[in-house]
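To start, the structure itself, in structure tokens.
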Amino acid sequence: MEIAGIVSAIVIGIVIGVLGRLVVPGRQRIGILWTIAVGIVAALIGSALAHAFDVGDTNGVDWIEWLIQIGLAALGVAALDRSKAGRR
Numbered sequence: 099m100e101i102a103g104i105v106s107a108i109v110i111g112i113v114i115g116v117l118g119r120l121v122v123p124g125r126q127r128i129g130i131l132w133t134i135a136v137g138i139v140a141a142l143i144g145s146a147l148a149h150a151f152d153v154g155d156t157n158g159v160d161w162i163e164w165l166i167q168i169g170l171a172a173l174g175v176a177a178l179d180r181s182k183a184g185r186r
């Protein structure tokens with residue numbers, strides 16, 4: 099993977115993480131770095147799932163891929179928030 103690919107994965111991960119965090123209702127007790135990490139992981143897994151279901155490469159914007167990624171990010175943010183809340 100080239101440097102440009104890594105940088106674009108991080109940028110997309112940030113966007114996905116923030117959108118996933120916005121989808122989850124209420125206040126989340128996780129930091130921005132955890133949000134970014136969840137977003138990057140969700141973007142990678144969501145992209146793999148979209149390609150597995152053959153919806154990863156479509157004409158125009160890949161809305162289904164984005165929805166999968168945002169849904170995974172929301173699940174990740176909610177799960178991480180609940181695990182952090184259990185420790186307090």
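Residue 156 in this note's numbering is what sits at position 58 of the sequence shown, and the numbering runs on without skipping anything. Built from N, CA and C at the ideal position, the CB exists for glycine as well. Quantities reported herein were computed from a predicted structural model and do not represent experimental measurements.
Alpha helix (DSSP H) runs contained entirely in the stretch 134-158, provided each spans 4 or more residues: none
Neighbourhood of Val-153 by C-beta distance below 6 Å, restricted to the same chain and skipping five residues each side: Against the sequence shown, residue 153 aligns to sequence position 55. So the list reads Ile-162, once near-sequence residues are dropped.
Of the residues Val-109, Ser-106, Ala-107, Ile-134, the one placed nearest Arg-119, counting alpha carbons only: The residue given as residue 119 occupies position 21 in the sequence shown. Closest option to Arg-119, Cα to Cα, is Ile-134.
Proximity to Leu-147 [Cα-Cα], best of Ile-168, Leu-131, Arg-127: As a first step, residue 147 is located in the sequence shown; it is residue number 49 there, counting from the start. Out of Ile-168, Leu-131, Arg-127, Ile-168 has the C-alpha closest to the C-alpha of Leu-147.
Boundaries (first-last residue) of the alpha helix (DSSP H) holding Gly-129: Start at 1 with the first residue of the sequence shown, and residue 129 comes out as number 31. It is not in any alpha helix (DSSP H) - Gly-129 carries neither H nor E in the DSSP assignment.
Nearest neighbour of Leu-180, chosen from Leu-165, Ile-128, Phe-151, Val-105 [CA to CA]: Position 82 of the sequence shown, counted from the first residue, corresponds to residue 180. For the record, residue 180 in the displayed sequence is Arg; it is not Leu. Considering only alpha carbons, the answer is Ile-128.
Ile-138 classed as buried or exposed, judged by whether at least 16 other C-beta atoms fall within 10 angstroms: By one-based count along the sequence shown, residue 138 stands at place 40. By the 10 Å Cβ count, Ile-138 comes out buried.
Cβ-based burial, Val-109 [other Cβ within 10 Å; buried from 16]: Numbered from 1 along the sequence shown, position 11 holds the residue referred to as residue 109. Classification for Val-109: exposed.
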